[in-house]
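If you read the sequence shown in our numbering, its first letter stands for residue 16, the second for the next number, and so on.
A virtual CB, placed ideally from N, CA and C, is assigned to each residue, including glycine.
Here the structure is a predicted model, which means the values were calculated and not measured.
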Amino acid sequence: MEETIKFNTALLHSNVEGDKKTGATLTPIYQASAFEQESAEKLERVFMNTMPGYSYTRVSNPTNTSFEQRITNLEGGISTVACASGMAAIFNAIMNVVQSSDEIISSVGIFGGTIGLFKDLEAFDIHTKYILQTTPEEIEKNITERTKVIFAETIGNPKLDVLDVEAIAAVAKKHKVLFIVDNTIATPYLVKPLQLGADIVIHSSSKYINGSGNSISGVITDSGKFKWNEKQYPQIMKYKKMGPYAYVAKLRETIFRNTGACLSPFNSFLNCIGLETLGLRMERACANALALAKWFETCDQVEYVNYPGLGSSPYHEIAKRQFHNEYGAMVTIRMGSKEKAFAVINSLNYALQVANIGDAKTLVIHPASTIYHSSSSTEKENAGVYEDLIRISVGIEDIEDLIADFKQAIENS
Ligand SMILES: *Cc1c(COP(=O)(O)O)cnc(C)c1O
16 MEETIKFNTA
26 LLHSNVEGDK
36 KTGATLTPIY
46 QASAFEQESA
56 EKLERVFMNT
66 MPGYSYTRVS
76 NPTNTSFEQR
86 ITNLEGGIST
96 VACASGMAAI
106 FNAIMNVVQS
116 SDEIISSVGI
126 FGGTIGLFKD
136 LEAFDIHTKY
146 ILQTTPEEIE
156 KNITERTKVI
166 FAETIGNPKL
176 DVLDVEAIAA
186 VAKKHKVLFI
196 VDNTIATPYL
206 VKPLQLGADI
216 VIHSSSKYIN
226 GSGNSISGVI
236 TDSGKFKWNE
246 KQYPQIMKYK
256 KMGPYAYVAK
266 LRETIFRNTG
276 ACLSPFNSFL
286 NCIGLETLGL
296 RMERACANAL
306 ALAKWFETCD
316 QVEYVNYPGL
326 GSSPYHEIAK
336 RQFHNEYGAM
346 VTIRMGSKEK
356 AFAVINSLNY
366 ALQVANIGDA
376 KTLVIHPAST
386 IYHSSSSTEK
396 ENAGVYEDLI
406 RISVGIEDIE
416 DLIADFKQAI
426 ENS
């Protein structure tokens with residue numbers, strides 16, 4: 016039954032446990048730091064991982080498990096680790112497999128925080144090679160024996176370039192390099208990267224998965240299919256007895272536990288509620304984004320509209336094929352000057368001006384003066400950030416109101 020169940024039904028019914036003890040329909044918030052076992056022997060076995068159970072929330076927690084199982088199901092993986100933020104998820108996912116002198120290959124148009132993290136890793140002699148066009152050829156050219164991770168976003172933020180997951184996965188597989196995909200912007204509603212051959216998928220679940228902008232969190236989901244080998248990933252080999260769970264077992268026993276990257280059970284609870292409407296929200300937000308992007312195209316004062324759903328996007332064809340005729344809820348527009356972009360932002364009535372994305376509400380920001388204020392001009396250009404660019408995370412408002420609001424803001428500025 017699980018095999019054929021559709022997206023929204025799965026959100027509500029798959030891997031949803033509730034609480035067996037009381038019959039509660041939602042897994043309660045287990046707001047406890049520690050869990051008692053009946054005997055010293057049992058606690059020993061929980062610590063040894065020879066018996067299922069809980070000991071300490073930094074290691075695992077029942078509310079977090081409930082959230083993790085729902086994400087595992089949603090992305091079609093075998094196991095998920097929930098983290099305190101999207102950045103904690105990216106850090107942990109990578110540190111689990113690299114050591115000093117290793118290399119990461121990354122697409123260039125990625126989230127600013129991730130670029131910052133990759134810079135931080137240089138202090139530990141872990142280096143990132145950025146490629147301008149995330150094509151199999153460009154990746155292949157840059158792979159060396161030190162390459163341990165290929166990292167990319169399904170839809171780059173804010174460049175809105177669309178990754179051909181299947182093509183990149185094939186190159187990664189050929190060279191036996193772990194392929195990690197940040198699926199935050201596309202969400203599993205548009206694409207499930209593990210089904211297209213990616214090895215690990217991560218999310219900032221602070222965004223669409225939570226959906227209401229009420230908690231920061233991140234998730235790491237493993238496909239369980241990567242073939243670890245002694246030469247490239249010696250540190251994972253110790254966990255080989257765990258079979259497909261080797262990566263997650265190592266993560267939970269080492270870097271995740273030891274950096275204290277755990278998520279608050281309260282935030283897991285909020286995420287579980289948010290998840291139930293992910294499909295509905297995405298359906299509406301994608302339709303709104305397409306309608307708004309098409310309206311911007313008719314608007315003389317908008318110099319350029321970037322949206323993968325428009326024929327003018329160089330990524331339209333791949334997006335159409337990979338996302339089955341839906342294109343996500345992020346749109347960027349160029350207004351001709353920074354002053355004009357600021358004036359439009361200041362005249363909007365509904366859109367909130369925040370650094371966030373993926374809320375039910377429409378959100379806007381001027382990336383060049385905020386998220387990218389400390390980036391070099393080349394970094395900005397590579398990320399698709401221009402002085403006159405406004406990034407719009409389209410929400411689920413009524414489209415007539417959204418268009419009317421942008422219309423008055425553009426006319427008044
Ligand atoms: C927001 C974001 C992150 C970072 O997530 P936080 O939850 O803010 O730590 C990573 N990747 C993408 C694509 C994002 O949009």
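Identity of the residues DSSP links to residue i by a beta bridge
i, result
"Met345", "Ser408"
"Tyr71", "Ala49"
"Lys97", "Strictly speaking, residue 97 in this sequence is Ala, with Lys absent from that position. Its beta-bridge partners are Val234."
"Gln368", "Val379"
"Tyr145", "Ser121"
Whole-angstrom distance between residue j and residue i, CA atom to CA atom
i, j, result
"Arg336", "Tyr204", "14 Å"
"Cys98", "Asp197", "14 Å"
"Ala344", "Met66", "43 Å"
"Gly101", "Gly171", "15 Å"
"Thr149", "Ile195", "13 Å"
"Asn319", "Trp243", "Note that residue 319 is Tyr in the sequence shown here, rather than Asn. For Tyr319 and Trp243, the distance between alpha carbons rounds to 45 Å."
"Val443", "Lys246", "This structure cannot settle anything about residue 443, because the visible part of the chain is limited to 16 through 428."
"Ile217", "Thr199", "7 Å"
"Ile251", "Ser121", "22 Å"
"Leu147", "Val177", "13 Å"
"Asn107", "Ser384", "29 Å"
"Pro382", "Thr313", "24 Å"
"Arg267", "Ile414", "44 Å"
"Asn157", "Lys188", "15 Å"
"Gly275", "Ile109", "16 Å"
"Ala167", "Cys277", "24 Å"
"Ala306", "Phe421", "12 Å"
Distance between beta carbons of residue j and residue i, contact taken as under 8 Å
i, j, result
"Tyr365", "Leu295", "Actually they do not touch by this definition, with Cβ atoms about 20 Å apart."
"Gly228", "Asn371", "6 Å"
"Ser327", "Ala424", "The Cβ separation is near 22 Å, so there is no contact."
Distance cut-off 8 Å: residue i Cβ against heavy atoms of ligand 3
i, result
"Ser283", "Looking at this structure, you won't find ligand 3 anywhere; what it does contain is ligand 1."
Under the three-state DSSP convention, the category residue i falls into
i, result
"Val180", "helix"
"His28", "helix"
"Leu363", "coil"
"Met16", "Only weak support exists for where Met16 lies, its pLDDT of 46 falling under 50; the coordinates are left without a value."
"Phe338", "coil"
"Gly289", "helix"
"Val379", "strand"
"His388", "coil"
"Leu193", "strand"
"Asn321", "strand"
"Ala276", "coil"
"Ala167", "strand"
"Lys253", "coil"
"Asp420", "helix"
Beta-carbon contacts of residue i that lie in its chain and below 7 Å, excluding the five residues immediately before and after
i, result
"Val263", "Ser94, Val96, Asp237"
"Ala80", "At residue 80 the sequence reads Thr, which differs from the Ala that was named. Nothing meets the Cβ criterion."
"Ile86", "Thr95, Val234, Thr236"
"Ala39", "Gly33"
"Gln52", "Leu58, Val61, Gly68"
"Arg73", "Arg272, Gly275, Cys277"
Residues of its chain near residue i, where Cβ-Cβ distance is below 6 Å and the 5 sequence neighbours each way are ignored
i, result
"His142", "Glu118"
"Ala182", "Pro151"
"Asp140", "Ser115, Ser116"
"Ser54", "none"
Cβ-based neighbour list, residue i, same chain, cut-off 8 Å, excluding 5 preceding and 5 following
i, result
"Val180", "Thr169, Val196, Val206, Pro208, Leu211, Gly212, Ala213, Gln337"
"Met16", "In this prediction, Met16 has a pLDDT of 46, which is less than 50 and means its spatial position is unreliable; what the coordinates show is noted afterwards. Answer for Met16: no residue qualifies."
"Tyr387", "Gly127, Glu394, Lys395, Ala398, Val400"
"Asp112", "In the sequence as displayed, the identity of residue 112 is Val instead of Asp. Hits under 8 Å: Lys163, Val164, Leu193, Tyr248, Gln250, Ile251, Tyr262."
Closer than 9 Å to chain D by CB, residue i
i, result
"Ala306", "Given the protein chain composition of this structure (a single chain), no chain D is represented."
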